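Everything below concerns the one structure shown next.
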Amino acid sequence: MSLQTGEPSFRQSVDLMFTRAAALMDLPPGLEEKIRVCNATYTVRFGVRLRGEIRTFTGYRAVHSEHMEPVKGGIRYALAVNQDEVEALAALMTYKCALVEAPFGGSKGGLCIDPGAYSEEELEKITRRFAYELIKRDLIHPAQNVPAPDMGTGEREMAWIADQYARMTTTDINARACVTGKPIHAGGIQGRVEATGRGVQYALREFFRHPEDVAKAGLSGTLDGKRVIVQGLGNVGFHAALFLSTEDGCRITHVIERDGAVENPAGLDIMGLRDWIATHGGVTGYPGGTYHPDGARLLEAACDILIPAAMEGVITIHNAAAIKAPLILEAANGPVTAGADDILRARGSVIIPDLYANAGGVTVSYFEWVKNLSHIRFGRMQRRQEESRHQLLVDELERLSADSGIGWTLSPDFKQKYLRGAGELELVRSGLDDTMRAAYQSMRAVWWEHPGVTDLRMAGFLVAIGRVADSYQAKGI
Ligand code: GLU
Numbered sequence: 165m166s167l168q169t170g171e172p173s174f175r176q177s178v179d180l181m182f183t184r185a186a187a188l189m190d191l192p193p194g195l196e197e198k199i200r201v202c203n204a205t206y207t208v209r210f211g212v213r214l215r216g217e218i219r220t221f222t223g224y225r226a227v228h229s230e231h232m233e234p235v236k237g238g239i240r241y242a243l244a245v246n247q248d249e250v251e252a253l254a255a256l257m258t259y260k261c262a263l264v265e266a267p268f269g270g271s272k273g274g275l276c277i278d279p280g281a282y283s284e285e286e287l288e289k290i291t292r293r294f295a296y297e298l299i300k301r302d303l304i305h306p307a308q309n310v311p312a313p314d315m316g317t318g319e320r321e322m323a324w325i326a327d328q329y330a331r332m333t334t335t336d337i338n339a340r341a342c343v344t345g346k347p348i349h350a351g352g353i354q355g356r357v358e359a360t361g362r363g364v365q366y367a368l369r370e371f372f373r374h375p376e377d378v379a380k381a382g383l384s385g386t387l388d389g390k391r392v393i394v395q396g397l398g399n400v401g402f403h404a405a406l407f408l409s410t411e412d413g414c415r416i417t418h419v420i421e422r423d424g425a426v427e428n429p430a431g432l433d434i435m436g437l438r439d440w441i442a443t444h445g446g447v448t449g450y451p452g453g454t455y456h457p458d459g460a461r462l463l464e465a466a467c468d469i470l471i472p473a474a475m476e477g478v479i480t481i482h483n484a485a486a487i488k489a490p491l492i493l494e495a496a497n498g499p500v501t502a503g504a505d506d507i508l509r510a511r512g513s514v515i516i517p518d519l520y521a522n523a524g525g526v527t528v529s530y531f532e533w534v535k536n537l538s539h540i541r542f543g544r545m546q547r548r549q550e551e552s553r554h555q556l557l558v559d560e561l562e563r564l565s566a567d568s569g570i571g572w573t574l575s576p577d578f579k580q581k582y583l584r585g586a587g588e589l590e591l592v593r594s595g596l597d598d599t600m601r602a603a604y605q606s607m608r609a610v611w612w613e614h615p616g617v618t619d620l621r622m623a624g625f626l627v628a629i630g631r632v633a634d635s636y637q638a639k640g641i
């Protein structure tokens with residue numbers, strides 16, 4: 165328990181959520197503890213010569229569970245990174261991967277650094293040095309531990325890590341599979357950058373396909389016209405907000421950022437706002453909405469859906485009672501503390517939990533890893549064959565229509581859509597959509613049917629723990 169916040173630490177919070185679910189399960193003696201604990205955390209302190217001096221950096225790689233290998237999880241660059249945080253995030257990776265059936269154990273890494281304080285050249289030096297430390301201990305390895313982007317890192321850092329690994333293992337034909345979230349030209353996959361935000365969209369679409377679930381949140385109808393608050397317009401929040409507003413008819417009424425919040429009841433222009441933030445460094449002064457300096461208070465504004473997409477611990481015992489959103493989707497990892505979760509649950513809010521809601525990233529990472537190991541782009545073999553079979557059908561329909569004198573014509577729009585064979589992006593989206601639907605359905609079945617299960621988080625943990633337990637038992641430990 166932290167004296168400052170009056171709440172458990174992030175890792176303890178994840179453990180509390182785990183324990184609530186595990187208490188409903190009939191696990192063999194000792195297995196609950198085996199699954200809950202973090203297997204190992206490696207701490208490294210290394211020096212990099214920068215600006216005429218040696219600067220020492222501290223980094224971590226936590227491995228939570230190796231019931232399946234490789235283990236998987238991002239690398240975060242932030243000043244607040246610490247052991248408790250990486251262990252909490254690694255644990256969430258274990259449950260997330262199990263829930264969406266990505267065949268990985270859970271891991272997470274972090275470097276205590278303010279990436280904004282360094283030039284690109286300096287960051288490359290630091291990243292390569294950090295990667296070197298992890299690679300030489302097999303903590304980056306295509307068969308053992310596969311990092312990915314997280315807060316403060318992206319494609320650029322992943323490309324440096326992949327290259328560092330390739331330099332150190334020159335004969336490894338699978339070197340590119342040592343890390344995911346790489347740029348396309350460095351072995352990445354189409355759709356990975358948008359994947360977590362796309363997953364958020366697919367998660368909400370699936371939720372709204374079940375009117376009984378929607379009713380539990382006191383809502384009705386479809387996503388169309390729903391008022392949404394998004395906290396954090398980083399990679400996840402931006403893509404989620406963009407897709408929900410441009411493809412599903414949601415109104416993004418508030419965006420909360422570091423320097424405040426902007427509000428527009430008619431719906432914010434997400435592209436315009438993102439460009440503004442990119443050039444002005446924040447939301448202050450954005451002409452497309454009303455500015456509020458106290459951004460965090462806007463988490464409490466009236467809306468239909470609240471999407472915290474920034475970081476952990478933003479909805480706490482101190483503000484939970486004031487949150488008005490009937491539906492909360494956790495696009496960030498751990499945005500709701502265990503104490504806040506109790507308060508929100510008691511009030512009847514429905515939470516679509518992080519281990520499901522933001523699993524789109526690791527799902528597409530899984531596809532990228534498979535692509536790297538198979539050394540071929542998805543769709544490369546089938547696309548034209550699929551197109552020629554569709555062409556056959558269209559030609560035959562047109563011939564029948566002409567011969568019979570009916571005179572039907574296929575609309576050009578239908579023909580264009582139907583004739584196009586699926587490329588990598590379409591296949592990635594299809595695989596992600598299927599994954600998000602299937603995972604939600606496994607969770608909601610437990611939510612509705614398992615006695616004692618009160619909420620989707622508990623249901624998600626139950627499904628995930630069950631799968632990890634099965635895997636440990638099959639291995640015979
Ligand atoms: N860092 C992301 C997450 O928290 C992605 C992890 C991955 O792709 O391995 O889920």
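For the sequence shown, our numbering begins at 165 and goes up steadily by one. For every residue, glycine included, the Cβ atom is placed at its ideal position computed from N, Cα and C. Please read these numbers as outputs of a predicted model, since none were measured by experiment.
Residues near residue i in its chain [Cβ-Cβ closer than 8 Å; skip 5 each side]
i	result
G446	E421, R422, D423, G424
L383	K390, D468, P490, L491
A339	P306, A326, Y329, A330, T333
I516	A367, L368, F371, L491, I492, L493, E494, L620
Cβ-Cβ separation, residue j to residue i (assumed contact under 8 Å), whole Å
i	j	result
V526	C261	6 Å
T386	F372	6 Å
T417	P429	6 Å
G459	G477	In fact, because the Cβ distance is near 15 Å, the residues do not count as touching under 8 Å.
A312	G398	With a Cβ gap of about 15 Å, A312 and G398 do not count as contacting.
M622	R175	Contact flag wrong, Cβ pair sits at about 19 Å.
I393	L493	Incorrect: roughly 11 Å between the Cβ atoms, too far for contact.
Endpoints, alpha helix (DSSP H) assigned at residue i
i	result
E562	547-568
C261	247-263
E286	284-299
G454	Note on identity: in this sequence residue 454 is Thr, with Gly being the wrong assignment. Where T454 is concerned, there is no enclosing alpha helix (DSSP H), although the beta strand (DSSP E) it sits in stretches over 454-456.
P576	576-583
L180	174-186
T618	Taken as a continuous stretch (DSSP letters only), T618 belongs to no alpha helix (DSSP H), as it is neither H nor E.
E358	Unbroken run through E358: none, as it is neither H nor E.
P375	375-380
M189	Element bounds for M189: n/a, residue is neither H nor E.
K346	No alpha helix (DSSP H) contains K346, which DSSP labels as neither H nor E.
D327	319-332
I199	195-200
Boundaries (first-last residue) of the beta strand (DSSP E) holding residue i
i	result
E427	424-427
T410	Not the beta strand (DSSP E): T410 falls in the alpha helix (DSSP H), residues 399-411.
G535	The amino acid occupying residue 535 in the given sequence is Lys; Gly does not appear at that position. Looking at the DSSP string, K535 is not in any beta strand (DSSP E); the run it does join, the alpha helix (DSSP H), is 524-538.
L432	Here L432 belongs to no beta strand (DSSP E), and DSSP marks it neither H nor E.
I218	217-229
R209	204-214
G516	Gly is not the amino acid found at residue 516; the sequence shown has Ile there. Taken as a continuous stretch (DSSP letters only), the beta strand (DSSP E) holding I516 covers 514-516.
Residues near residue i in its chain [Cβ-Cβ closer than 6 Å; skip 5 each side]
i	result
G503	E171, I481
M475	A496
G223	V208, L275, F294
V500	I479
D278	L243
M315	R240, A242
Beta-carbon proximity list for residue i, same chain, < 7 Å, skipping 5 on both sides
i	result
G595	F531
V627	L263, S606, M607, V610
A486	E464
T205	Y224, A226, Q247, V250, E251
In DSSP terms, what residue i is bridged to
i	result
I420	Q395, A425
C276	A242
V235	G269, N309
L493	I516
R415	R391
I469	V392, L491
V500	I479
Environment of residue i [buried if 16+ CB atoms lie within 10 Å]
i	result
W611	buried
W572	exposed
A226	buried
R548	exposed
V703	Any property of residue 703 remains undetermined from this structure, which presents the chain solely from 165 to 641.
M232	buried
I161	Only positions 165 to 641 of the chain appear in the structure, and residue 161 is not among them; the question remains open.
R215	exposed
K535	buried
S538	exposed
H403	buried
M600	buried
S283	exposed
I570	exposed
K346	buried
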